[in-house]
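Enquirer:
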Amino acid sequence: MNLEIESGNSYRSEKTNILIKIKELINNVKGATSEKASDRSSASVSGHSFTRNKHVNLPRLQLPKFGGDILEFQEFWDQFTAIIDNREDISAVNKLSYLQSLLLGNARSSLQGLALTEVNYDIAKEILLLRFGRTEKEIVANLQKLLNISAKATLWEI
């Protein structure tokens, strides 16, 4: 009988130690998770800042410049939208400033005269999308490119 009581006490003691260790592990995991969440910092990409995790070393992103070639607009616009336009922590005035800094040639002149104001950011986006982002204009540009290929060109030269 004493042996049974001692083994019961030993079992309870071991159970208590295991529960304490489990609670410590859970607290360690919770602490590590909150440290990771607070381990975020601000970084700069081509002069544009964003929040990233310290543990990830990504190459610097270079936003492309857009000079007015309709065939290059969609790639430019997708990157600009993903990196700048979708960010809620960047004001519309700053977004417009970033956008204007990335435009060259015809694209830049299409926004000439727009003041750097919050309202004008949406207007600038609309102007660019109407002028360069229209599918039918892209189709025409592709057809013109195809028509400029010499009739004598072989498949390998294309």
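Straight run, no breaks: the sequence shown in this note's numbering ends on number 765.
A virtual CB, placed ideally from N, CA and C, is assigned to each residue, including glycine.
Fair warning: this is a prediction, and the values are worked out from it, not measured in the lab.
I need the DSSP call for leucine 710, collapsed to helix, strand or coil.
Expert: strand
Enquirer: Within 10 angstroms of its Cβ, does isoleucine 691 collect 16 or more other Cβ (buried), or is it exposed?
Expert: Burial of isoleucine 691 is indicated by the presence of at least 16 other C-beta atoms within 10 angstroms of its C-beta.
Enquirer: On the DSSP bridge list, what partners appear for phenylalanine 673?
Expert: Leu710
Enquirer: For the segment 736-750 and the segment 719-726, state whether three or more C-beta atom pairs, one from each stretch, are separated by less than 8 Å.
Expert: Between the segment 736-750 and the segment 719-726 there are fewer than three C-beta pairs closer than 8 Å, too few to call the two in contact.
Enquirer: Is the beta carbon of leucine 718 closer than 7 Å to that of isoleucine 699?
Expert: Sequence check: residue 699 is alanine here, not isoleucine. In this structure, leucine 718 does not lie closer than 7 Å to alanine 699 by Cβ.
Enquirer: With distances taken Cα to Cα, identify the nearest neighbour of leucine 668 among Ala689, Gly674, Lys702, Asn634.
Expert: Ala689
Enquirer: Assuming lysine 672 contacts leucine 711 under a Cβ cut-off of 8 Å, what Cβ separation, rounded to an integer in Å, is found between them?
Expert: Contact check for lysine 672 and leucine 711: beta-carbon distance about 5 Å, within the 8 Å limit, so the pair qualifies.
Enquirer: If I'm right that leucine 706 touches phenylalanine 687 with Cβ under 8 Å, what's the distance once you round it to whole angstroms?
Expert: 7 Å
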